[in-house]
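Numbering follows UniProt numbering, in which position 63 of the sequence shown is assigned residue number 63; successive positions increment by one, without gaps. Every residue, glycine too, gets a C-beta built ideally from N, C-alpha and C.
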Amino acid sequence: MTRFQDKTVLVTGGSSGIGFAAAKAFANEGARVVITGRDAAALDTARAALGAQAVAVRNDAGSIGSARELAAEISAAGLRLDAVFVNAGTAKFAPFPDVDEALWDATFNTNVKGPYFQIQALLPLLNRGASIVINGSINARIGMPASSVYAASKAAVISLAKTLSAELLPQGVRVNVVSPGPVETPLYGKLGLDAATLEATAAQIVGQIPLGRFGTSEEIASTVLHLSAPESAFIVGTEIIADGGMSQL
């Protein structure tokens with residue numbers, strides 16, 4: 001398929017995991033892809049894998065200044081956007097009594113403040129009919145111990161998507177959310193847990209997934225592309241949950 005031929009798509013956090021899988025899928029369907037990330041080496045590797053048309057921009061997803069710089073760089077390149085996947089995020093788990101202000105601020109800066117002002121900065125660059133997809137999480141819907149800060153941050157952006165859907169619709173811009181369940185990505189290894197705890201947690205989580213396995217980045221990416229394509233033009237302000245039934249059954 002070439003649903004995105006001659007389209008330009010931005011994927012934040014596009015150098016690994018779900019972001020890279022989505023960027024690759026967009027590129028495979030003809031899109032010119034702009035990806036962002038913090039790690040310069042990872043960005044270079046991802047850009048090379050995405051083909052000659054891909055653009056990589058080093059970006060701090062939690063910085064308002066960086067959000068505005070990204071928009072300015074895209075504009076200076078003469079590009080306008082047909083789809084945006086707001087994917088960059090962070091996840092650090094800690095028991096409620098151990099959560100400090102630094103963990104709270106780091107999580108909300110990257111997962112809430114950054115996306116909010118990134119979308120705001122990009123508004124003048126969005127073509128009519130553009131689609132914004134925000135990466136949520138089922139943690140906003142379930143009571144997983146030690147995930148209080150992360151879950152709250154994802155609940156915030158799910159709510160934001162609803163509000164922006166109503167506010168941006170007159171401009172012809174749709175906003176939706178994909179909320180993954182447990183997915184095997186590099187982020188999963190950065191939860192702040194030691195190896196033994198991570199392994200035990202993974203085994204416990206798998207036992208709660210009706211499908212009996214973690215999801216893949218490619219499975220989430222396919223949902224992102226569906227929400228970004230013309231075929232989903234009647235889907236607005238919706239959260240699609242892709243979690244193997246974990247939060248639904």
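Taken through DSSP and simplified to helix, strand or coil, Ala-102 comes out as helix. The residue among Ala-106, Leu-81, Val-224 with its C-alpha nearest the C-alpha of Lys-92 is Ala-106.
A contact is defined here as three or more CB-CB pairs under 8 Å, and the region 163-180 fails this definition with respect to the region 3-10. In the DSSP assignment, Thr-12 falls outside any alpha helix (DSSP H) and carries neither an H nor an E.
For Leu-126, the three-state secondary structure derived from DSSP is strand.
Only residues of its own chain outside the window of five on either side were considered, and among them Met-246 have a CB closer than 7 Å to the CB of Gln-208, listed in chain order.
When DSSP assignments are scanned along the region 21-76, the uninterrupted stretches of alpha helix (DSSP H) that are 4 or more residues long and fall wholly within it turn out to be 40-50, 64-76.
If you draw a straight line from the Cα of Lys-24 to the Cα of Val-224, it is about 12 Å long.
Pairwise C-beta distances place the region 194-206 out of contact with the region 219-239, as fewer than three of them are shorter than 8 Å. Residues of the same chain with a CB within less than 6 Å of the CB of Asn-127, apart from the 5 flanking positions on each side, are Arg-80, Asp-82 in chain order. Straight through space, the alpha carbons of Pro-97 and Val-55 are spaced by roughly 42 Å. Distance between Arg-32 and Ala-203, taken at the CA atoms: about 39 Å.
Between Ser-179 and Gly-136, the gap from beta carbon to beta carbon is short of 8 Å.
In the three-state reduction of the DSSP assignment, Leu-81 falls in the strand class, which pools E and B.
Look at the beta carbons and you see the region 106-117 touching the region 156-163: at least three pairs across the two are nearer than 8 Å.
Exclusion of the five residues before and after Val-99 leaves Ser-148, Val-149 as the residues of its chain whose Cβ lies within less than 8 Å of its Cβ. Ranked by Cα distance from Val-84, the options Ala-161, Gln-248, Glu-219 are led by Ala-161. DSSP places Ser-179 in the uninterrupted beta strand (DSSP E) bounded by 174-180. Take Ser-15, set aside five residues on each side of it, and the residues of its chain with a beta-carbon closer than 7 Å to its own are Ile-35, Gly-37, Asp-39, Ala-42, Leu-43, Ala-46, in chain order.
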